[in-house]
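In the working numbering, the protein residues as written are 90 to 463.
Input: a single structure, listed below in structure tokens.
Here it is in structure tokens:
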């Protein structure tokens, strides 16, 4: 069996893709070609090595960064290629032949040859891409740079409709984006962001609005509850709750609830601050859900604040009396020139007169002789 390293080398630019390609791959392989059925998938093919007949060998291949292997009797293979998943616009495969009756045979393996595939356009860096979904549509946004970004998307498995361009773009500082009328919960979505000079391809990490946390107090307990999520209401949701109280370290716990409230001990002397979010499985990393924050004020502090407001409103005239405007007094004095001017009642503060009880005294006459009682 001939060694692959002794076979004829690639003629560069020998590709005829369905999707436009302007960058060729490299490999020491006979008639190596790349074809892009869509921006997310590459097909690699080659000619039959000299000295071999179809069906005499199996072709094995694997990605440079992946230990999993593929095996085929055909002289081509198709793989997914997402720039943001690879972190690059190039990908290297190792390809070799193996003789035998099945792919499990390891006899007569040839030398492994590296095949490097490039995307049709260089990788474009788009800042802070986020995709928020609800039950009917998806909103993908990013921080715009100097170049405009056009969004295309494809639904996995729906090959008949092909690549679609987003027709509901928007631009509002500090983010730009586009609304997609697609059910991202039930379908796998792949997105292409094209800047003209480059592109970025990825399967978006979906963000969902976190269920709103409801807090009630029952005795010395907090009752925490959440309404069912609009998206994925039939999934098993795990709720993560973090709270701080009285300047103590933050405490986080995970709960699985089927509608019943979660109870947490309540210290009425402390101020509480809650944060919550949800994810669909305890075994998966948390979804990038929006964090809901709630602050619970102690009951004693609340009562004091309410009582203070009530007392202030009731005794407002005493606490903050109306101060007369002295300019009116001096203005009238200057106009009349009357030094004995008496201020008009109502313009000057007049103290409330004190209530004085009058008493009547009767003095005896000098020539009046008091009578003695016999």
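In this text, a Cβ means the ideal position worked out from N, Cα and C, and glycines have one as well.
For residue i, three-class secondary structure by DSSP
| i | result |
| --- | --- |
| residue 435 | Because residue 435 sits at a pLDDT of 49, beneath the cut-off of 50, its placement in the model cannot be relied upon, and the point is left open. |
| residue 252 | coil |
| residue 269 | strand |
| residue 398 | helix |
| residue 151 | strand |
| residue 403 | helix |
| residue 239 | strand |
| residue 290 | strand |
| residue 52 | Nothing can be reported for residue 52, as the shown portion of the chain is limited to 90 through 463. |
| residue 368 | strand |
| residue 355 | coil |
| residue 135 | coil |
| residue 207 | strand |
| residue 123 | strand |
| residue 129 | coil |
| residue 283 | strand |
| residue 220 | strand |
| residue 192 | coil |
| residue 363 | strand |
| residue 320 | coil |
| residue 197 | coil |
| residue 295 | strand |
| residue 383 | At residue 383 the pLDDT is 46, less than 50, meaning the model places this residue with poor confidence and gives no usable figure here. |
| residue 202 | strand |
Host alpha helix (DSSP H) of residue i (start-end)
| i | result |
| --- | --- |
| residue 172 | 172-175 |
Beta-carbon proximity check, residue i vs residue j, cutoff 7 Å
| i | j | result |
| --- | --- | --- |
| residue 289 | residue 172 | yes |
| residue 202 | residue 180 | no |
| residue 266 | residue 259 | yes |
| residue 284 | residue 324 | no |
| residue 329 | residue 358 | no |
| residue 223 | residue 268 | no |
| residue 327 | residue 345 | yes |
| residue 174 | residue 187 | no |
| residue 277 | residue 245 | yes |
| residue 182 | residue 162 | no |
| residue 126 | residue 178 | no |
| residue 232 | residue 264 | yes |
| residue 50 | residue 303 | Any property of residue 50 remains undetermined from this structure, which presents the chain solely from 90 to 463. |
Beta carbon proximity, residue i to chain B, threshold 7 Å
| i | result |
| --- | --- |
| residue 161 | You won't find chain B in this structure, because it holds only one protein chain. |
From the options, residue whose alpha carbon lies closest to that of residue i
| i | options | result |
| --- | --- | --- |
| residue 336 | 227, 222, 362 and 328 | 362 |
| residue 281 | 230, 302 and 301 | 230 |
| residue 158 | 179, 170, 185 and 132 | 185 |
| residue 130 | 227, 279, 308 and 275 | 279 |
| residue 316 | 308, 351, 327 and 301 | 301 |
| residue 313 | 331, 396, 298 and 296 | 331 |
| residue 221 | 261, 156, 272 and 253 | 272 |
| residue 209 | 333, 128, 263 and 334 | 128 |
| residue 154 | 137, 144, 142 and 176 | 176 |
| residue 170 | 200, 291, 263 and 238 | 291 |
| residue 364 | 165, 236, 121 and 299 | 299 |
| residue 305 | 286, 350 and 333 | 350 |
| residue 200 | 238, 241 and 148 | 148 |
| residue 236 | 286, 120 and 156 | 286 |
| residue 140 | 160, 156, 152 and 119 | 119 |
| residue 234 | 262, 160 and 152 | 262 |
| residue 152 | 142, 137, 241 and 168 | 168 |
Buried versus exposed call for residue i [16 or more other C-beta atoms within 10 Å across all chains shown]
| i | result |
| --- | --- |
| residue 146 | buried |
| residue 319 | exposed |
| residue 150 | buried |
| residue 133 | buried |
| residue 135 | buried |
| residue 213 | buried |
| residue 123 | buried |
| residue 225 | exposed |
| residue 338 | exposed |
| residue 270 | exposed |
| residue 334 | buried |
| residue 394 | exposed |
| residue 196 | exposed |
| residue 218 | buried |
Limits of the beta strand (DSSP E) - the one that residue i falls within
| i | result |
| --- | --- |
| residue 169 | 165-169 |
| residue 349 | Note, residue 349: premise wrong, no beta strand (DSSP E); not H, not E. |
| residue 183 | 179-188 |
| residue 515 | Any property of residue 515 remains undetermined from this structure, which presents the chain solely from 90 to 463. |
| residue 231 | 227-232 |
| residue 329 | 327-334 |
| residue 258 | 258-261 |
| residue 303 | 303-307 |
| residue 311 | 310-314 |
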